[in-house]
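Novice: Below you'll find the structure I mean.
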Amino acid sequence: MKILVVGGGGREHAILKSLAGEGRQLFCAPGNAGIANLATCVDIKINDLDGIVKFATEEKIDLALVSQDEPLVLGMVDALQAAGIRTFGPNKAAAIIEGSKAFSKDLMKKYNIPTAAYEKFTDSAAAIEYVKAQDTYPTVIKASGLALGKGVIIAQDFEEAKEAIVEMLDGGKFGESGKEIVIEEFLTGPEVSVLAFTDGHCVRPMISSKDHKRAFDNDEGLNTGGMGVIAPNPFYTEEVEKIAYETILIPTIEAMNAEGRTFKGVLYYGLMITEKGPKVIEYNCRFGDPEAQVCLSLLKTDLLEIVNAVIDERLSEISVENEDGAAIIVMMCSGGYPESYEKGKEIMGLDEKGQNDAFYYVFHSGTKMADGKYLSNGGRVLGFVAKGKDIADAQNNVYSNIDKVSFEKSFYRHDIGGKR
Ligand code: AMP
Ligand code: GLY
């Protein structure tokens, strides 16, 4: 069986590790140096729809899996399916749940799914007028479209809000993605990531997790794609889980069905546990990164079995089982990330497979190979996963070993999962 995964980060490395097995031949486009130990990497860009379809057709791929936001929003699943390739992931009509915050906010309003109050704008004068009239800070300004996780500004006062509005609507920051904005109420409370498989009928969540988005310890510095994750999320109690399932998880897939946009794949619910209960901060139309590396490391059920059940719309017939205990990932990044950073630094402490035995697994986010050496090739470079009987144990297992691997100017957060 030939399986193709489209993407080239830690998330795709984790997906491929979970899909690996006897009789399964793995391909990844474009992949990276770590992934190359599990799959044949093919040099096709993630947003090259024609290139991917051509490769999948010529190679007679039996199953394709698309896990990055951009190709999903562009309609890569539709293109592959149209070419007769069995594909896992939402189609373009469903991926809009991440591709347009204006769409997802309207969806939640229409179907009474709990979320922050908001208004949408395309005109800066009207937006500025609205913020002035509200006169409540902080206030949250969001580019409606995809913006690599950087399109959210928490404005502390009127001047900051105005600047963000003008930059996006008039200044072309984020390009087309910022041509429409959402201004929303600032919520407080712990955040939870819930990655759930759905076939449009049934929702089967993976273990809950907690991302750490800020670059530095104590949640200081800029927002990043994610510096580390723990699972399970201690704030996602059974009680909260039950409320979220009934008021958010199920209503969202029903709402998408009612809109004629049935979602099949992994739906990522970014929740905030407010005093008034769980509310949606954002939806993503795919596995989170780095959440996937941790959640998949704790998944006991064969991922391929789940993927097939989703595609064939019989997810209700299977259960999604997790291991007991906890897991953590700490990301090692290039100095300067998430702003400018250098690439091409030699990584010390990895064996020829790009691993180090001290960890459950080392997932590669941004690496390349030159002269038999692993080099850094991105902002987020490596993710170290450790497991434990609880979070503290998992933390200990990762942090007592992480300095065995390093490269020039590498850095990581010391407080993933809380201070030790
Ligand atoms: P997003 O890219 O939508 O995940 O937003 C990035 C981060 O901004 C979230 O993880 C939250 O920490 C924060 N955020 C987004 N929306 C709100 C909100 N309405 N209230 C408070 N914080 C928010
Ligand atoms: N870690 C957040 C995301 O994947 O968007």
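For reference, each letter of the sequence shown is one residue, going 123 to 542 in my numbering. All C-beta atoms, glycine included, are put in the ideal place defined by N, C-alpha and C. Owing to the predicted nature of the structure, the values given are computational and were not obtained by experimental measurement.
Run through DSSP, which three-state label would M328 get?
Specialist: By one-based count along the sequence shown, residue 328 stands at place 206. Coil, per DSSP.
Novice: Which same chain residues, not among the five before or five after I365, have their C-beta less than 8 Å away from its C-beta?
Specialist: On the sequence shown, position 243 is the one that residue 365 refers to. For I365, where only same-chain residues beyond five positions count, the Cβ hits under 8 Å are G399 and P400.
Novice: Alpha carbon to alpha carbon, how far is Q190 from N169?
Specialist: Reading the sequence shown from its first residue, position 68 is the one you call residue 190. Reading the sequence shown from its first residue, position 47 is the one you call residue 169. Taking the straight line joining both Cα atoms gives about 9 Å.
Novice: Quick one: Cα of K214 to Cα of N518, how far?
Specialist: As a first step, residue 214 is located in the sequence shown; it is residue number 92 there, counting from the start. As a first step, residue 518 is located in the sequence shown; it is residue number 396 there, counting from the start. Roughly 42 Å between the two C-alpha positions.
Novice: Which value, in whole angstroms, describes the spacing of the CA atoms of Y358 and K295?
Specialist: Taking the first residue of the sequence shown as position 1, residue 358 is located at position 236. Taking the first residue of the sequence shown as position 1, residue 295 is located at position 173. One C-alpha to the other measures close to 35 Å.
Novice: For R146, which residues in the same chain have their Cβ closer than 7 Å to its Cβ, ignoring the five residues on either side in sequence?
Specialist: Locating residue 146 in the sequence shown gives position 24, where the first residue counts as 1. Closer than 7 Å at Cβ, skipping near neighbours: M123 and I125.
Novice: Do G173 and L426 have their beta-carbon atoms positioned less than 9 Å apart in this structure?
Specialist: Reading the sequence shown from its first residue, position 304 is the one you call residue 426. Reading the sequence shown from its first residue, position 51 is the one you call residue 173. It is not a contact, given that the beta carbons lie outside the stated cut-off.
Novice: How would you label T179, buried or exposed, when you count the other beta carbons within 10 angstroms and need 16 or more for buried?
Specialist: Counting from 1 along the sequence shown, the entry for residue 179 is found at position 57. T179 comes out exposed.
Novice: Okay, do the segment 203-217 and the segment 234-250 touch, 3+ Cβ pairs below 8 Å being the bar?
Specialist: no
Novice: Considering only their Cβ atoms, is the gap separating F506 from V429 smaller than 9 Å?
Specialist: On the sequence shown, position 307 is the one that residue 429 refers to. On the sequence shown, position 384 is the one that residue 506 refers to. The answer is no: Cβ separation not under 9 Å.
Novice: Between E443 and A431, is the Cβ-Cβ spacing less than 9 Å?
Specialist: For the purposes of this step, residue 443 is taken as the residue at position 321 of the sequence shown. For the purposes of this step, residue 431 is taken as the residue at position 309 of the sequence shown. E443 is not a Cβ neighbour of A431, given a cutoff of 9 Å.
Novice: Whose C-beta lies closer than 6 Å to the C-beta of E474 among residues of the same chain, with five residues either side of it excluded?
Specialist: By one-based count along the sequence shown, residue 474 stands at place 352. Excluding residues within five positions, none has a Cβ falling inside 6 Å.
Novice: Can you check which of these residues, A217, D515, G267 and D434, is closest to G197 by C-alpha distance?
Specialist: Here residue 197 refers to the residue found at position 75 of the sequence shown. Closest by alpha carbon: A217.
Novice: Considering only DSSP beta bridges, list what S456 is partnered with.
Specialist: Translated into the one-based positions of the sequence shown, residue 456 becomes position 334. In the DSSP output, where bridge partners are listed per residue, S456 has S532.
Novice: Quick check on this structure: which residue in I395, S331 and V362 has the alpha carbon closest to the alpha carbon of T310?
Specialist: Within the sequence shown, the letter at position 188 stands for residue 310. For T310, the nearest C-alpha among the options comes from I395.
Novice: Cα-Cα, which of G273, G322, V314 and G297 is closest to V304?
Specialist: Counting from 1 along the sequence shown, the entry for residue 304 is found at position 182. Ranking G273, G322, V314 and G297 by Cα distance to V304 puts G273 first.
Novice: Run through DSSP, which three-state label would F177 get?
Specialist: Sequence index remark: in the sequence shown, residue 177 carries index 55 (1-based). Of the three classes helix, strand and coil, the one that applies to F177 here is helix, per DSSP.
Novice: Name the residue from A480, G476 and V484 whose alpha carbon lies nearest to the alpha carbon of G494.
Specialist: Position 372 of the sequence shown, counting from 1, holds the residue named residue 494. Comparing Cα positions, the closest option is G476.
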